[in-house]
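A.B. asks:
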Amino acid sequence: MQVLTAQVNAYSREVDKQKGLVTRSQEKHKTEVNELNERLDEEIKSKQQLNNELAEMRQELDSVSKKHETETSELQEKSRQQVQQFQQMIQGANEKLENERKSKKQLDSELAKMRQELANVSADKEELLRAYDQEQVIVTTLKNEVETTKKANKVLKDKLLNLQQLITPSATSHIQLPAPHGAGGFQHASHPLPTTIGTRHNIVPSAQVSGGSKQVVQSDGDGNGDGVLILPKTEQTATTILHPDSNPDDTPLLSKEEMTKMFKWHDQQGSSDWTQSPQQVEDSLVKEKKRKELAKEADDAVLEVERLRQNVKKPSSFPMEKLPPPSQQTSSKQKTKQKVKKDQAKQRASDDSESDIEENKLIDNIDEEIQQMAEDVRKGSRGPTTAEVLFDDGDSSLPYDPNLVCPKCGKQYRVGEIQKLRRHINEFCTGIR
Numbered sequence: 067m068q069v070l071t072a073q074v075n076a077y078s079r080e081v082d083k084q085k086g087l088v089t090r091s092q093e094k095h096k097t098e099v100n101e102l103n104e105r106l107d108e109e110i111k112s113k114q115q116l117n118n119e120l121a122e123m124r125q126e127l128d129s130v131s132k133k134h135e136t137e138t139s140e141l142q143e144k145s146r147q148q149v150q151q152f153q154q155m156i157q158g159a160n161e162k163l164e165n166e167r168k169s170k171k172q173l174d175s176e177l178a179k180m181r182q183e184l185a186n187v188s189a190d191k192e193e194l195l196r197a198y199d200q201e202q203v204i205v206t207t208l209k210n211e212v213e214t215t216k217k218a219n220k221v222l223k224d225k226l227l228n229l230q231q232l233i234t235p236s237a238t239s240h241i242q243l244p245a246p247h248g249a250g251g252f253q254h255a256s257h258p259l260p261t262t263i264g265t266r267h268n269i270v271p272s273a274q275v276s277g278g279s280k281q282v283v284q285s286d287g288d289g290n291g292d293g294v295l296i297l298p299k300t301e302q303t304a305t306t307i308l309h310p311d312s313n314p315d316d317t318p319l320l321s322k323e324e325m326t327k328m329f330k331w332h333d334q335q336g337s338s339d340w341t342q343s344p345q346q347v348e349d350s351l352v353k354e355k356k357r358k359e360l361a362k363e364a365d366d367a368v369l370e371v372e373r374l375r376q377n378v379k380k381p382s383s384f385p386m387e388k389l390p391p392p393s394q395q396t397s398s399k400q401k402t403k404q405k406v407k408k409d410q411a412k413q414r415a416s417d418d419s420e421s422d423i424e425e426n427k428l429i430d431n432i433d434e435e436i437q438q439m440a441e442d443v444r445k446g447s448r449g450p451t452t453a454e455v456l457f458d459d460g461d462s463s464l465p466y467d468p469n470l471v472c473p474k475c476g477k478q479y480r481v482g483e484i485q486k487l488r489r490h491i492n493e494f495c496t497g498i499r
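In terms of the working numbering, the sequence shown has 198 at position 132, counting the first letter as 1, and numbering is strictly consecutive.
1) Can you tell me which of the three DSSP states residue 481 falls into?
2) How is residue 127 classed by DSSP in three states: helix, strand or coil?
3) What's the C-alpha gap between residue 352 and residue 192?
4) Report the partner residues of residue 466 according to the DSSP bridge assignment.
5) Can you tell me whether residue 222 is buried or exposed, with buried defined as 16 or more other CB within 10 angstroms of its CB?
6) In angstroms with no decimal places, state the Cα-to-Cα distance between residue 208 and residue 220.
7) For residue 491, count the other beta carbons within 10 Å of its own beta carbon; 16 or more makes it buried, fewer makes it exposed. Which is it?
8) What separation, rounded to the nearest whole angstrom, lies between the Cα atoms of residue 70 and residue 85?
9) Check whether the Cβ atoms of residue 170 and residue 473 lie closer than 8 Å to each other.
10) Are residue 345 and residue 205 close, meaning C-beta to C-beta below 8 Å?
11) Using 10 angstroms around the beta-carbon of residue 350, count the other beta-carbons present and answer buried if the total reaches 16, otherwise exposed.
12) If you check the beta carbons only, do residue 162 and residue 484 fall under 8 Å apart?
13) Residue 467 and residue 480 - do their beta-carbons sit closer together than 8 Å?
14) Since residue 360 and residue 201 should fall inside the 8 Å C-beta cutoff, what is the C-beta to C-beta distance between them, to a whole number of angstroms?
15) Which residues does DSSP list as the beta-bridge partners of residue 352?
16) Alpha carbons only, please: which of 195, 186, 173 is nearest the one belonging to residue 373?
17) May I ask you to list the residues that DSSP assigns as paired with residue 99?
18) List the whole-angstrom C-beta distance separating residue 469 from residue 159, where the pair is believed to meet the contact cut-off of C-beta under 8 Å.
19) Taking residue 198 as the reference, give the member of 356, 227, 476 with the closest Cα.
20) Note down the Cα distance separating residue 75 from residue 91, rounded to an integer number of angstroms.
21) Hey, how far is the Cα of residue 133 from the Cα of residue 143?
22) In terms of DSSP beta bridges, what is residue 471 paired with?
23) Helix, strand or coil: how does DSSP classify residue 86 here?
24) Please report how far the alpha carbon of residue 195 lies from the alpha carbon of residue 175, in whole angstroms.
25) Go ahead and label residue 72 buried or exposed: buried means 16 or more other beta carbons lie within 10 angstroms of its beta carbon, across all protein chains shown.
26) Within a Cβ cutoff of 7 Å, which residues of the same chain sit near residue 128, ignoring the five residues on either side of it in sequence?
27) Between residue 119 and residue 110, what straight-line distance do the alpha-carbon atoms span, to the nearest angstrom?
28) Quick one: grab the DSSP three-state call for residue 156.
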């Protein structure tokens with residue numbers, strides 16, 4: 067019994083001991099549980115805070131997403147519009163470039179035409195100079211002929227002096243030319259001396275003319291009475307004039323110089339008598355003819371220059387006349403005496419110095435006209451001056467457009483100034499960079 071009691075006591079002590087251990091363990095566990103609960107509470111609170119923050123962040127993210135979507139849509143719309151604008155600008159620039167290429171081709175063709183026109187004008191000027199040299203040769207030939215006529219006039223003067231010695235003074239006073247309309251004087255203004263007098267004359271038989279018995283000698287003139295000469299019928303004149311019934315070898319015909327010597331006119335205080343020497347008359351007629359020919363050539367040259375300015379597609383040279391040799395000129399003069407117009411001698415010619423001055427002035431005017439046209443062609447080929455390019459630039463606040471650039475000189479224009487660029491290309495561009 068004691069042993070059992072001792073064992074029971076030991077067991078009780080052991081149980082108490084175990085109870086104490088269990089109690090301490092429970093207390094410890096309680097403490098740990100409390101701590102864990104506190105920690106759990108803290109974790110729950112922190113999780114709630116995190117959930118709140120997460121909700122706020124989600125709200126912010128939603129707002130940012132919405133804002134971003136709005137901005138993205140706006141940016142996409144703007145970029146789409148800008149792309150369309152760029153495409154339109156590129157298309158417009160391509161069209162402008164094509165137009166500029168076409169205009170450049172046109173300008174190149176016009177420049178080539180102007181250069182061809184300038185070459186034609188230069189060739190025409192050379193032809194005019196050659197024609198002028200040929201005309202000078204003709205003038206020299208005519209002067210030589212005039213000298214020959216002067217020498218023949220001296221011989222004729224001696225013959226006429228011998229003839230006048232045999233003619234009575236009363237009969238000599240009747241040597242005159244009949245008036246064209248029956249008047250007493252000779253109207254040289256309306257019926258001038260023919261420019262060429264033939265070396266052969268048509269001799270008609272003696273005719274009764276008022277004022278006594280006179281013989282009529284008619285030259286190869288224009289048939290209007292300008293070449294009719296009335297001489298008193300004397301024995302001396304009868305021997306010097308050939309009748310149709312007589313032998314041509316018996317008596318010589320009147321020469322060109324002899325017929326010219328008989329025509330003398332003067333113009334003193336309104337009178338119309340013949341006082342100038344034959345060589346002066348011949349020189350005056352030659353100069354008048356020469357002056358009219360030069361004036362006609364000058365008018366033709368001016369008209370040709372004017373035509374070349376208006377129509378460069380059909381360039382042509384100035385009219386040139388082929389001059390025959392002197393022998394052919396003499397024969398042609400004899401063949402065409404009847405075709406000479408009476409108005410070639412209506413105006414009296416001045417002296418040699420005045421004629422030379424007028425010819426020089428005429429040539430100078432032609433040269434100035436040709437030089438002026440050549441200067442216009444050169445100006446068109448090299449373009450306007452720098453002062454012509456300086457015009458209003460417009461709104462300086464606009465940016466420069468890289469597509470609005472002159473392909474020739476490199477001048478750049480601002481946005482929207484396509485019209486200025488076209489005007490610059492068509493009018494002001496000099497092609498100098």
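Glycine is no exception: its CB is placed at the ideal position from the N, C-alpha and C atoms.
C.D. replies: Looking at the coordinates:
1) Here residue 481 refers to the residue found at position 415 of the sequence shown. Here residue 481 sits in coil by DSSP.
2) In the sequence shown, residue 127 corresponds to position 61, counting from 1. It is helical.
3) The residue labelled residue 352 in the question sits at position 286 within the sequence shown. The residue labelled residue 192 in the question sits at position 126 within the sequence shown. Approximately 26 Å, taken between the alpha carbons.
4) Taking the first residue of the sequence shown as position 1, residue 466 is located at position 400. According to DSSP, which records beta bridges pairwise, residue 466 is partnered with 480.
5) Locating residue 222 in the sequence shown gives position 156, where the first residue counts as 1. Buried, by the Cβ-count rule.
6) Residue mapping note: residue 208 aligns to position 142 of the sequence shown, counting from 1. Residue mapping note: residue 220 aligns to position 154 of the sequence shown, counting from 1. The straight-line gap from Cα to Cα measures roughly 19 Å.
7) On the sequence shown, position 425 is the one that residue 491 refers to. So residue 491 ends up on the buried side.
8) As a position in the sequence shown, residue 70 is number 4, starting the count at 1. As a position in the sequence shown, residue 85 is number 19, starting the count at 1. The straight-line gap from Cα to Cα measures roughly 21 Å.
9) As a working note, residue 170 is residue 104 in the sequence shown. As a working note, residue 473 is residue 407 in the sequence shown. For residue 170 and residue 473, yes; Cβs fall inside 8 Å.
10) As a position in the sequence shown, residue 345 is number 279, starting the count at 1. As a position in the sequence shown, residue 205 is number 139, starting the count at 1. Cβ atoms of residue 345 and residue 205: not closer than 8 Å.
11) Here residue 350 refers to the residue found at position 284 of the sequence shown. With 16 or more other Cβ atoms within 10 Å, it is buried.
12) Looking up residue 162 in the sequence shown gives position 96. Looking up residue 484 in the sequence shown gives position 418. Yes, the Cβ-Cβ distance between residue 162 and residue 484 is below 8 Å.
13) In the sequence shown, counting from the first residue as 1, residue 480 sits at position 414. In the sequence shown, counting from the first residue as 1, residue 467 sits at position 401. The beta carbons of residue 480 and residue 467 sit closer together than 8 Å.
14) As a working note, residue 360 is residue 294 in the sequence shown. As a working note, residue 201 is residue 135 in the sequence shown. Rounded, the Cβ-Cβ distance is 7 Å, consistent with contact.
15) One-based indexing of the sequence shown puts residue 352 at position 286. Note: residue 352 sits in no beta bridge, so no partner.
16) Here the question's residue 373 lines up with position 307 in the sequence shown. Scanning 195, 186, 173 for the CA closest to the CA of residue 373 turns up 186.
17) Counted from its first residue, the sequence shown places residue 99 at position 33. DSSP output for residue 99 lists no bridge partner at all.
18) What you label residue 469 is simply residue 403 of the sequence shown in a count that begins at 1. What you label residue 159 is simply residue 93 of the sequence shown in a count that begins at 1. Here residue 469 really is in contact with residue 159; their C-beta atoms are around 4 Å apart, less than 8 Å.
19) As a position in the sequence shown, residue 198 is number 132, starting the count at 1. Of 356, 227, 476, the residue nearest in Cα terms is 356.
20) Residue mapping note: residue 75 aligns to position 9 of the sequence shown, counting from 1. Residue mapping note: residue 91 aligns to position 25 of the sequence shown, counting from 1. So the two alpha carbons sit approximately 23 Å from each other.
21) Residue mapping note: residue 133 aligns to position 67 of the sequence shown, counting from 1. Residue mapping note: residue 143 aligns to position 77 of the sequence shown, counting from 1. Their backbone Cα atoms lie some 15 Å apart in a straight line.
22) Against the sequence shown, residue 471 aligns to sequence position 405. Its beta-bridge partners are 478.
23) As a position in the sequence shown, residue 86 is number 20, starting the count at 1. If DSSP states are grouped into helix, strand and coil, residue 86 belongs with the helices.
24) Position 129 of the sequence shown, counted from the first residue, corresponds to residue 195. Position 109 of the sequence shown, counted from the first residue, corresponds to residue 175. One C-alpha to the other measures close to 30 Å.
25) The residue labelled residue 72 in the question sits at position 6 within the sequence shown. Per the 10 Å Cβ criterion, exposed.
26) Position 62 of the sequence shown, counted from the start, is the residue given in the question as residue 128. Once the five neighbours on either side are set aside, residue 128 has no close Cβ partner at all.
27) Taking the sequence shown and counting its residues from 1, one reaches residue 119 at position 53. Taking the sequence shown and counting its residues from 1, one reaches residue 110 at position 44. Using only the alpha carbons, I get a separation of about 14 Å.
28) Locating residue 156 in the sequence shown gives position 90, counting from the first residue. It is helical.
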